[in-house]
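Participant:
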Amino acid sequence: MRKDLIDRIMSVAGLVVRVCVYVMLALPAVIVIVSSFAADNVLSFPPTGFSLRWYKSAFANEEFMASLWTSTYIGILASCLSLGIGFAAAFAIDRYEFPGRAAFQALALSPLIVPGIVLGIGLLYLFAWTGLNQTLAGILFAHVVLAIPYVVRTVLASLSLFDRRLEEAAMNLRAPPWVVLRRVTFPMLLPGILSAAVFAFVVSFGNVTVTAFLTYDDTVTLPVRLFSYVQQSSGPFVAAISSIMIAVTLIVILVIEKLIGAERLA
Amino acid sequence: MKSSKDVVVSLKGVSKRYGDVTAVETLSLDVRRGELLCLLGPSGCGKTTTLRMVAGFVEPSDGAVVIDGQDMTREPPYRRDTGMVFQNYALFPHMTTAQNIAFGLENLKWAKADRDKRVLEMLTLVEMAHLSDRLPAQLSGGQQQRVALARALAMRPAVLLLDEPFSNLDAQLRVRMREEIRDVIRRVEITTIFVTHDQEEALMLSDRIGVMNKGKLEQVGTPADIYERPASRFVAQFVGWCSLLDGTVDTNGNFVSTRGLAFKSSLPPGAATAVIRPEHVKARDPDLADARPTYTAKVITSDYYGGISRLLLRVCGEQLMMEGHFPQDRRPRVGDEVAIALETAQIPTVPAAPP
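In the order they appear, the protein sequences are chains S and B. Just so you know, we're using the working numbering here: the first sequence kicks off at -15 and counts up by one. Just so you know, we're using the working numbering here: the second sequence kicks off at 103 and counts up by one.
1. Flag A141(S) as yes if its beta-carbon sits less than 8 Å from any beta-carbon of chain B, otherwise no.
2. Determine the extent of the beta strand (DSSP E) in which Q321(B) is found, giving its start and end residues.
3. Compare the beta carbon distance of M172(S) and H196(B) with 8 Å and say whether it is the shorter of the two.
4. So, at 6 Å on beta carbons, what are the nonlocal neighbours of L264(B) in its own chain, with the 5 sequence-adjacent residues on each side left out?
5. Return the first residue and the last residue of the beta strand (DSSP E) that D164(B) is part of.
6. Would the beta-carbon of G143(B) fall within 8 Å of that of H299(B)?
7. How about N356(B) and A364(B): do their beta carbons lie closer than 8 Å?
8. Give me, in chain order, the residues of the same chain whose beta-carbon lies closer than 8 Å to that of V116(B); leave out the 5 immediate sequence neighbours on both sides.
9. Using a Cβ cut-off of 8 Å, which residues of the region 196 to 227 of chain B contact any Cβ in chain S, in chain order?
10. Please work out which residues of its chain come closer than 7 Å, Cβ to Cβ, to D95(B), disregarding the five sequence neighbours upstream and downstream, and give them in chain order.
11. Determine the contact status of V110(B) and V133(B), defining contact as a CB-CB distance below 8 Å.
12. So, is the C-beta of R149(S) closer than 8 Å to a C-beta in chain D?
13. Pick out whichever of F428(B), Y406(B), S359(B), H427(B) has its Cα sitting closest to the Cα of V417(B).
14. Output, in chain order, the set of chain S residues within a Cβ distance shorter than 8 Å of M257(B).
15. Work out the CA separation of R182(B) and A72(S) for me, nearest whole Å.
16. How many angstroms separate the CA atom of P99(S) from the CA atom of L206(S)?
17. Which class does N156(S) belong to by DSSP, given the choice of helix, strand or coil?
18. One question on the structure: do L103(S) and V194(S) come within less than 8 Å of each other, judged by their Cβ atoms?
19. State the Cα-Cα distance for the pair E330(B) and I449(B), rounded to the nearest angstrom.
20. Is the CB of F336(B) under 8 Å away from at least one CB in chain S?
21. Apart from the five residues just before and just after V163(S), which ones in its own chain have a Cβ nearer than 8 Å to its Cβ?
22. Give the list of continuous beta strand (DSSP E) stretches no shorter than 3 residues that lie fully inside the region 80 to 126 of chain S.
23. Residues in its own chain within less than 8 Å of G136(B) by CB, not counting five upstream and five downstream?
24. If you check the beta carbons only, do Y406(B) and R379(B) fall under 8 Å apart?
25. Where in the region 223 to 287 of chain B do unbroken runs of the alpha helix (DSSP H), each at least 4 residues long, occur, reported from the N-terminal end onward?
26. Roughly how many angstroms separate the alpha carbons of K104(B) and G171(B), rounded to a whole number?
27. For N270(B), which residues of its own chain have a beta-carbon under 7 Å away from its beta-carbon, when the five flanking residues on both sides are left out?
28. Does the beta carbon of E81(S) sit closer than 8 Å to a beta carbon anywhere in chain B?
29. Cβ of P171(S) less than 8 Å from any chain B Cβ?
30. Where A13(S) and A196(S) are concerned, what is the direct C-alpha to C-alpha distance, given to the nearest angstrom?
31. From D285(B) to I169(B), what distance separates their C-alpha atoms?
32. Residue range of the beta strand (DSSP E) that P453(B) falls in?
33. Assess, as a yes-or-no matter, whether the region 176 to 183 of chain S is touched by the region 36 to 50 of chain S under the definition of 3 or more beta carbon pairs within less than 8 Å.
34. With a threshold of 8 Å between beta-carbons, can A241(S) be considered close to chain B, or not?
35. List, in order along the chain, the chain S residues whose C-beta lies closer than 9 Å to that of F85(B)?
36. Would you report the Cα separation of T375(B) and T451(B), rounded to the nearest angstrom?
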């Protein structure tokens, strides 16, 4: 009888915890999106009235739209670069024994533990010294550094679950190494690569701290521009821009899934 | 150079060492065309390493691997004419049954029409034609194995390699699949090497068995050779049940055990061990005369297995096992005395273990 009661208390407690977690995760985004449809000038929740004027205002704002485009293409470029480099690193770590392998893995994951501001200042000095200051290449470099740990971690996890005997089977079936990679290894690692791509994009698209040190006149990413805008005013305009950011991120994730996912079924 | 068309795979003095550990030691073996040869042994005896050296996944430390008359020792797996079925089948999860089977043919650059025809042929051979569009995850264990077999056979390899193919199946399925696979192999008439630790499987399926222990090939022969004329203590104990009696062979060819059991042996004089199997111990009617050596045995344990009962007997201080059919009510009980005779003409002897 007592066990029954405890079980019921536990399952109710579990339900409460789950609901709290979901709400905590979703609430900020929900509040922002809902507030963006306010009719008046004040950021309040729940908003008074319903209007699309702030979205009209956002899309009409040249500076913000330029920043949106900048963030998007930097995000895509940085994802591709960090996917390439990160995948190669993870593959080497998983498949080969070489001296300093553990140190190499730690190095690849190290940007995770360095505070953004420290990284930003460090890169600023490094770029001043190497002439990469105020260049697109500099920002790309920084975003790749930020994204590589996520790619390496995700791809390593995928590789560790991969059954090497499938590659042996493929070789036994007369497939030379490049055919094995193309037709067996890559297709099976695709879910991991997909996750890594999504992580890389999100990290790049949303980064503020490091990018803040590296932006310059024509190349200001959206989060950085938004951050400085928010210092002065925080009306529903900010909510609208934020909602647009959330939407773009979702669209890119969907596109990645269609691109890589669809190939998997072919 | 005499090229023997009769031998498909020849292992010549092949060894494999991993640092200080010797996995396979100077193994020489010829696999004849069309035969089903089994490498039998306990875990860690080197049988799987040997198979993988034939396939090309392991490079020998010494010796040569010759396939169809050509030295393939340094060739990678994708240039060898072998087809392998892995223990866990290793079917490509993202491809259908038909695509899995076609994979090897695509790599061999077969034309599409020929490929499709061959795939259908193989699917029909293993009775999986109706499941050609399924993914491996949608197939049962037995079905997956059939696909794996079809995939390996599709390329018409010189030799088929099976790595413990039945160990992942439950007992009943195992027996059924053994017979099915044997039928397929016989129908296709392909030379086959398979690896197992199950001696029943080896005895039932093989044309010849190679018994391995600690990296060495202890005996190669037909199932009857292995069971009835074991070459060593290990082979005698690994295949089938036996009691081992230590003793000596005198200059007249008589074996005498340390406790007095005696019979003829073909071994040279010296220390030897007699291998007494359950079928060598027969119950007898004590009132009738008997040409065979007779004894009175005491029952130590008595177990009922339905069709047979197994008795552990004490005879002249030695322990022997006897099998017989006793209905439950007439089965001898512990402590009973049983009159037995030994079929000594059939009892093999093996050299004694080195000190």
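Ideal Cβ placement from N, Cα and C applies to all residues, glycine included. Predicted, not measured: the structure shown is a model, and the values here were computed from it.
Facilitator: From the atom records:
1. The residue labelled residue 141(S) in the question sits at position 157 within the first sequence. No, A141(S) does not count as interfacial toward chain B.
2. Stepping through the second sequence from its first residue, residue 321(B) is reached at position 219. Segment 318 to 323, the beta strand (DSSP E) holding Q321(B).
3. On the first sequence, position 188 is the one that residue 172(S) refers to. On the second sequence, position 94 is the one that residue 196(B) refers to. It is a contact, given that the beta carbons lie within the stated cut-off.
4. In the second sequence, counting from the first residue as 1, residue 264(B) sits at position 162. Result list for L264(B): V187, F296, in chain order.
5. Position 62 of the second sequence holds residue 164(B). Here the beta strand (DSSP E) through D164(B) covers 164 to 169.
6. Residue numbering aside, residue 143(B) sits at position 41 when the second sequence is read from its first letter. Residue numbering aside, residue 299(B) sits at position 197 when the second sequence is read from its first letter. Taking 8 Å as the Cβ cut-off, G143(B) and H299(B) qualify as a contacting pair.
7. In the second sequence, counting from the first residue as 1, residue 356(B) sits at position 254. In the second sequence, counting from the first residue as 1, residue 364(B) sits at position 262. It is a contact, given that the beta carbons lie within the stated cut-off.
8. Taking the second sequence and counting its residues from 1, one reaches residue 116(B) at position 14. Excluding positions up to five away in sequence, the list reads V126, T128, L129, S130, T152, M155, P162, D164, G165, A166, V167.
9. H196, F205, G206, N209, L210
10. Residue 95(B) falls outside the range modelled here, since chain B spans only 103 to 457, and no answer is possible.
11. Here the question's residue 110(B) lines up with position 8 in the second sequence. Here the question's residue 133(B) lines up with position 31 in the second sequence. Yes. Within cutoff.
12. No chain D is present in this structure, whose protein chains are S and B.
13. On the second sequence, position 315 is the one that residue 417(B) refers to. Of F428(B), Y406(B), S359(B), H427(B), the residue nearest in Cα terms is S359(B).
14. As a position in the second sequence, residue 257(B) is number 155, starting the count at 1. Under the 8 Å cutoff, chain S gives L157, R158.
15. Numbered from 1 along the first sequence, position 88 holds the residue referred to as residue 72(S). Numbered from 1 along the second sequence, position 80 holds the residue referred to as residue 182(B). Taking the straight line from one Cα to the other gives about 29 Å.
16. Locating residue 99(S) in the first sequence gives position 115, counting from the first residue. Locating residue 206(S) in the first sequence gives position 222, counting from the first residue. Straight-line Cα distance between these residues: approximately 21 Å.
17. Numbered from its first residue, the first sequence carries residue 156(S) at position 172. If DSSP states are grouped into helix, strand and coil, N156(S) belongs with the helices.
18. What you label residue 103(S) is simply residue 119 of the first sequence in a count that begins at 1. What you label residue 194(S) is simply residue 210 of the first sequence in a count that begins at 1. Yes, they are a contact pair.
19. For the purposes of this step, residue 330(B) is taken as residue 228 along the second sequence, with counting starting at 1. For the purposes of this step, residue 449(B) is taken as residue 347 along the second sequence, with counting starting at 1. About 8 Å.
20. Sequence index remark: in the second sequence, residue 336(B) carries index 234 (1-based). Judged by the 8 Å Cβ criterion, F336(B) is not in contact with chain S.
21. Counting from one through the first sequence, the residue named residue 163(S) turns up at place 179. A154.
22. none
23. In the second sequence, residue 136(B) corresponds to position 34, counting from 1. E291, I292, T293.
24. Counting from one through the second sequence, the residue named residue 406(B) turns up at place 304. Counting from one through the second sequence, the residue named residue 379(B) turns up at place 277. For Y406(B) and R379(B), no; Cβs fall outside 8 Å.
25. 243 to 255
26. As a working mapping, residue 104(B) is identified with position 2 in the second sequence. As a working mapping, residue 171(B) is identified with position 69 in the second sequence. Low local confidence applies: a pLDDT of 43 at K104(B) is under 50, so the model's placement there is unreliable, and no value is given.
27. Position 168 of the second sequence, counted from the first residue, corresponds to residue 270(B). Q189, N190, G243, listed in sequence order.
28. Locating residue 81(S) in the first sequence gives position 97, counting from the first residue. Output row for E81(S): interface = no.
29. Indexing the first sequence from 1 puts residue 171(S) at position 187. P171(S) counts as touching chain B.
30. Reading the first sequence from its first residue, position 29 is the one you call residue 13(S). Reading the first sequence from its first residue, position 212 is the one you call residue 196(S). C-alpha separation (whole angstroms): 23 Å.
31. Along the second sequence, one-based indexing puts residue 285(B) at 183. Along the second sequence, one-based indexing puts residue 169(B) at 67. Those two C-alpha atoms are separated by around 24 Å.
32. Position 351 of the second sequence, counting from 1, holds the residue named residue 453(B). Run containing P453(B): 451 to 453, per the beta strand (DSSP E) assignment.
33. no
34. If you number the first sequence from 1, residue 241(S) lands on position 257. Going by the sequence as given, residue 241(S) is Glu instead of Ala. No, its Cβ sits nowhere closer than 8 Å to a Cβ of chain B.
35. No statement about residue 85(B) is possible, as the shown extent of chain B runs from 103 to 457 and does not include it.
36. Looking up residue 375(B) in the second sequence gives position 273. Looking up residue 451(B) in the second sequence gives position 349. Taking the straight line joining both Cα atoms gives about 5 Å.
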